[in-house]
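Asker: First the structure, which I've put down as structure tokens, then a few questions once you've had a look.
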Amino acid sequence: MSLVTGETDGGILLIANDDTFAHTYPDLRRLLEEQAEGDPLRGAVEFFDFTGRRLVPGFDRQWCLTDLQPSSEPADPAAVQRRLQAVLDHLERFLKSDSESGGGSRVDGAATVRELPALDGTLADAIEKMPWHEPGKGTAGNFLHNAMHAAGWAH
Numbered sequence: 026m027s028l029v030t031g032e033t034d035g036g037i038l039l040i041a042n043d044d045t046f047a048h049t050y051p052d053l054r055r056l057l058e059e060q061a062e063g064d065p066l067r068g069a070v071e072f073f074d075f076t077g078r079r080l081v082p083g084f085d086r087q088w089c090l091t092d093l094q095p096s097s098e099p100a101d102p103a104a105v106q107r108r109l110q111a112v113l114d115h116l117e118r119f120l121k122s123d124s125e126s127g128g129g130s131r132v133d134g135a136a137t138v139r140e141l142p143a144l145d146g147t148l149a150d151a152i153e154k155m156p157w158h159e160p161g162k163g164t165a166g167n168f169l170h171n172a173m174h175a176a177g178w179a180h
């Protein structure tokens, strides 16, 4: 694990490449622990630090994530915040549609839509408003995590 301390605040934002899922982690250690607990990543994802800088993944021979390094690209917090908003927009559309069709998901769509955070302010402000995965709950997740799974994302 070599996410360089000092170059980033340690927080990691994972966003699906199609902007249908996002997850926040306090640090690389927690992200890797979650993968080891049987919650592996299945699908194309991108990683960013909380300043909006892309993080480049490193993998072992089995294509398991082992490392994240800051890229040489400049941070683009506005672009990352737009993507995070796109994730919430996707989720809101799904939840409203699911509620109207009788709701086959394991979450209360109307209640979850009311709980969706408004992502105004800076990228750091927006990330802070996102519910964090609760340690010790295994893969149960919080309301937003579970709603994203209901909307079709599989780890």
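Position one of the sequence shown corresponds to residue 26 (our numbering), numbered consecutively onward. The beta-carbon is built from N, C-alpha and C at its ideal position, and this holds for glycine as well. Note that the structure is a prediction, hence the values are computed from the model and not measured.
Around the C-beta of D85, are 16 or more other C-beta atoms found within 10 angstroms, so that it is buried, or is it exposed?
Answerer: Translated into positions along the sequence shown, residue 85 becomes position 60. Answer is exposed; the Cβ neighbour count stays below 16.
Asker: Do the CB positions of I40 and L80 come within less than 8 Å of each other?
Answerer: The residue you call residue 40 lines up with position 15 of the sequence shown. The residue you call residue 80 lines up with position 55 of the sequence shown. No, these two residues do not count as a Cβ contact at 8 Å.
Asker: In angstroms, rounded to a whole number, what distance separates the CA positions of S126 and R118?
Answerer: Taking the sequence shown and counting its residues from 1, the one referred to as residue 126 is at position 101. Taking the sequence shown and counting its residues from 1, the one referred to as residue 118 is at position 93. Unreliable positioning characterises S126 in this predicted model, as indicated by a pLDDT of 48, which lies under 50. The coordinate reading is nonetheless provided below. Approximately 12 Å, taken between the alpha carbons.
Asker: CA-CA distance, L56 and G35?
Answerer: One-based indexing of the sequence shown puts residue 56 at position 31. One-based indexing of the sequence shown puts residue 35 at position 10. Each residue's Cα considered, the two are about 11 Å apart.
Asker: Leaving out the 5 sequence neighbours to the left and right, which residues in its chain are closer than 6 Å to D52 when beta-carbon positions are compared?
Answerer: Against the sequence shown, residue 52 aligns to sequence position 27. If we look at D52 and ignore the five residues flanking it on each side, its Cβ neighbours are G35.
Asker: Which complete alpha helix (DSSP H) runs does the segment 53-93 hold, if anything under 4 residues is left out?
Answerer: Complete alpha helix (DSSP H) runs here, min 4: 53-61.
Asker: Going by beta-carbon coordinates alone, are I152 and F75 separated by less than 8 Å?
Answerer: What you label residue 152 is simply residue 127 of the sequence shown in a count that begins at 1. What you label residue 75 is simply residue 50 of the sequence shown in a count that begins at 1. In contact: I152 and F75 (Cβ atoms closer than 8 Å).
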